[in-house]
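There are 2 protein chains.
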Amino acid sequence: MVGQIDLDKMTDTPAKMTRNQKQKRQMILDAALDVFSLDGFRGTSLDQIALKAGISKPNLLYYFSGKEEIHTALLEGLLDAWLAPLRAMDAQGDPLTEVLKYLDAKMNMAMSYPLESRLFANEILRGAPHLENYLKGSLKSLVEEKSILLQKWMDLGQLRQVNPKHLFFSIWAMTQHYADFDVQVSAILGEDRESNFAQARAFQATMISQLLAP
Amino acid sequence: MVGQIDLDKMTDTPAKMTRNQKQKRQMILDAALDVFSLDGFRGTSLDQIALKAGISKPNLLYYFSGKEEIHTALLEGLLDAWLAPLRAMDAQGDPLTEVLKYLDAKMNMAMSYPLESRLFANEILRGAPHLENYLKGSLKSLVEEKSILLQKWMDLGQLRQVNPKHLFFSIWAMTQHYADFDVQVSAILGEDRESNFAQARAFQATMISQLLAP
DNA sequence: GTTAAAACTGACCAATTGGTAAAATTGCGG
DNA sequence: CCGCAATTTTACCAATTGGTCAGTTTTAAC
């Protein structure tokens, strides 16, 4: 996964973690992602995670202090990756192209990291207690920064005037829908995921282009 | 709530339910909605629901046979309402107007029924075991029917050619985002929900109009 | 007023849950 | 090989969970 968890940052002890510890922790996190992305924080038990990871529950608790730490480790491991595509939006680039590149990057993520997307969605649905700082901190300030950029482009007549923040919400909503609501999309379109994503990309690119071309 | 649960359909006994029973069941369902919409099926306990409803757990179980019945009753109570706006799309109407009316109706629902939207989202995230028939049944066939209608309008040159199903997904995604991800939207825009929705409506109407006007 | 039905409750049950502690096992360095 | 550290496991704990049951209270019907 992009934004592979930097495990060094997550240990409380001054000791450096061994390679085995890193691997074991990652293995636990992978198992945890499977479960948290389905049933959310409260609906996930440590036994479920341990079973999926193929280790005992106390063994799992040897590497993580508890359920909270596992969950927040997962979330923290993805936040930078989530913000990276928006950060990459380049003030020197062609405006429409930059927005379409962002859209494309978000679709790449939805396609490649559906579980992470659902983990995030589950956390938002429960009111985001573990994401409070992120939402009001780095996400908010980055959205503000890029909204100003978009507004500048619009003021220069390089993009049609729209509300930049709502543009971002619509991009997030549309792209993550294919990850989060995959069972709905598949039920309606069938299970050829590649084809579904390809169609979605084409549709969305048209939509954004029609909206923003001046 | 639109689509107020028809309680008569949900009793196993041949006996007609009294007015008090109807009220009590509704009260339980209201409490349950609060909890299920936050923590999903597995993350919700009967004790939580009972506490919120202000009754004992066995009393709650006097009216419903168990957790499953409460959850499915809630979901079933909203499915018709969820489909109604799409059903209302009128083949005799002006195409763009009909699509915009649908968009408007979906935003009305997102604004008025955020908990129901989150209940639905939670169920989808866990793979929708309680929505399987709905997704592959009435939803799928209605989407098929209305996609054919949209395609006909497009073939007549009354709307721009786009993929109708992906248009529906984008409308669902964008509108429900304001309900499902409300904590994110509020963190970024502030907590004036009416204003946020008003801006969103304007933005989306522009987006859909730009996309579909031939 | 009496009786039966409906509604409600406290106590209880087996299983599950997040976790702890001690014992056992494995790995590593000298 | 030995001693110690790291890792894993078994056993256990108090609390929670979805539910059951019997007793009590309230309501409805006559």
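So the protein lines, in turn, are chains L and E. At position 191 of the first sequence the residue is numbered 191 (the numbering used here), and the sequence of numbers has no breaks. At position 15 of the second sequence the residue is numbered 1015 (the numbering used here), and the sequence of numbers has no breaks. We treat Cβ as the ideally placed atom computed from N, Cα and C, and that holds for glycine. Here the structure is a predicted model, which is why all the values come from computation and not from measurement.
Residue i at chain E interface by Cβ criterion, 7 angstroms
i	result
L:A198	no
L:A121	yes
L:I148	no
L:M109	no
L:H166	yes
L:Q151	no
L:M27	no
L:Y99	The sequence shown places Val at residue 99 of chain L, not Tyr. So, not an interface residue.
L:M89	no
L:S170	yes
L:D6	Note that L:D6 has pLDDT 42, beneath the 50 cutoff, so the model's placement of it is unreliable and the number below is only indicative. Not an interface residue.
L:P14	Confidence at L:P14 is low in this model, with a pLDDT of 39, below 50, so its placement is unreliable and the value that follows should be read with caution. By this cut-off, L:P14 is not an interface position.
Interface partners of residue i on chain E, CB under 7 angstroms
i	result
L:G40	D1039, G1040 and G1043
L:K140	A1187 and I1188
Check: residue i C-beta below 6 angstroms from any heavy atom of the ligand COA
i	result
L:I28	Although the ligand COA was asked about, the structure shown includes no ligands whatsoever.
Residue i versus the options, residue with shortest Cα-Cα distance
i	options	result
E:R1201	E:A1110, E:Y1134, E:K1146 and E:M1154	E:A1110
E:K1165	E:I1070, E:D1080, E:D1180 and E:E1145	E:E1145
L:N196	L:L61, L:N20, L:H177 and L:K101	L:H177
E:S1209	E:D1030, E:A1173, E:L1149 and E:D1094	E:D1094
L:E68	L:W172, L:G43 and L:E194	L:G43
E:F1041	E:V1143, E:S1170, E:Q1161 and E:N1122	E:N1122
L:Q151	L:L212, L:P85 and L:D104	L:L212
E:S1186	L:G127, L:D90 and L:Q161	L:G127
E:L1142	E:R1087, E:D1182 and E:I1188	E:R1087
E:S1065	E:R1025, E:L1167 and E:R1160	E:R1025
L:W82	L:L131, L:T97, L:Q48 and L:Q92	L:L131
E:F1120	E:H1071, E:L1167 and E:P1214	E:H1071
L:L167	E:L1159, E:L1189, E:S1147 and E:F1168	E:L1189
E:L1218	E:P1129, E:V1099 and E:F1169	Residue 1218 of chain E lies beyond the stretch modelled for chain E, which goes from 1001 to 1214, so this question has no answer here.
L:Q161	L:A84, L:S147, L:P85 and L:A73	L:S147
Minimum Cβ-Cβ distance from residue i to chain L less than 7 angstroms
i	result
E:P1214	no
E:G1127	yes
E:V1183	yes
E:H1130	no
E:A1105	no
E:M1154	no
E:N1163	yes
E:A1081	no
E:A1173	yes
E:A1203	The residue asked about is misnamed: residue 1203 of chain E is Phe in this sequence, not Ala. Output row for E:F1203: interface = yes.
E:F1064	no
E:D1047	no
Neighbour list for residue i in chain E, Cβ cutoff strictly below 8 angstroms
i	result
L:D180	A1121, I1124 and L1125
Closer than 7 angstroms at the beta carbon, the chain L residues around residue i
i	result
E:F1036	Chain L residues near E:F1036: none, gap ~10 angstroms exceeds 7 angstroms.
E:R1118	L125
E:Q1210	Q210 and L211
Contacts that residue i makes with chain E (C-beta to C-beta distance below 9 angstroms)
i	result
L:A50	Here the premise fails: no neighbours, minimum Cβ distance about 17 angstroms.
L:S195	Residues of chain E passing the Cβ test: none, with the nearest at roughly 11 angstroms.
8 angstroms Cβ cut-off: residues of chain L touching residue i
i	result
E:H1071	Under the 8 angstroms cutoff, chain L gives no residues; its nearest Cβ is about 12 angstroms from E:H1071.
E:L1135	V183, Q184, A187 and I188
E:M1017	The contacting residues do not exist; E:M1017 stays about 31 angstroms from chain L at best.
Assumed close pair residue i, residue j - CB separation to whole angstroms, cut-off 8 angstroms
i	j	result
E:D1180	E:R1118	6 angstroms
E:S1045	E:L1115	Going by Cβ atoms, the distance from E:S1045 to E:L1115 rounds to 18 angstroms, so no, they are not a contact pair.
E:N1059	L:Q199	At roughly 51 angstroms, the Cβ-Cβ gap does not stay under 8 angstroms, so E:N1059 and L:Q199 are not in contact.
L:L103	L:Q204	6 angstroms
L:I124	E:V1035	About 17 angstroms; that fails the 8 angstroms criterion.
L:I171	L:K106	6 angstroms
E:M1089	E:L1149	7 angstroms
L:Y63	L:Q21	7 angstroms
E:Y1134	E:L1079	6 angstroms
| query | Would you call the segment 1141-1159 of chain E and the segment 1108-1125 of chain E in contact, with 3 or more CB pairs under 8 angstroms? | reply | With a cut-off of 8 angstroms, the segment 1108-1125 of chain E and the segment 1141-1159 of chain E do not count as touching, because too few Cβ pairs lie within range.
| task | Tell me, please, whether the segment 51-70 of chain L touches the segment 132-142 of chain L by the rule of three or more beta-carbon pairs shorter than 8 angstroms. | result | no
| query | Hey, is the segment 1048-1055 of chain E in contact with the segment 1017-1037 of chain E, meaning 3+ C-beta pairs nearer than 8 angstroms? | reply | Counting Cβ pairs under 8 angstroms, three or more are found: they touch.
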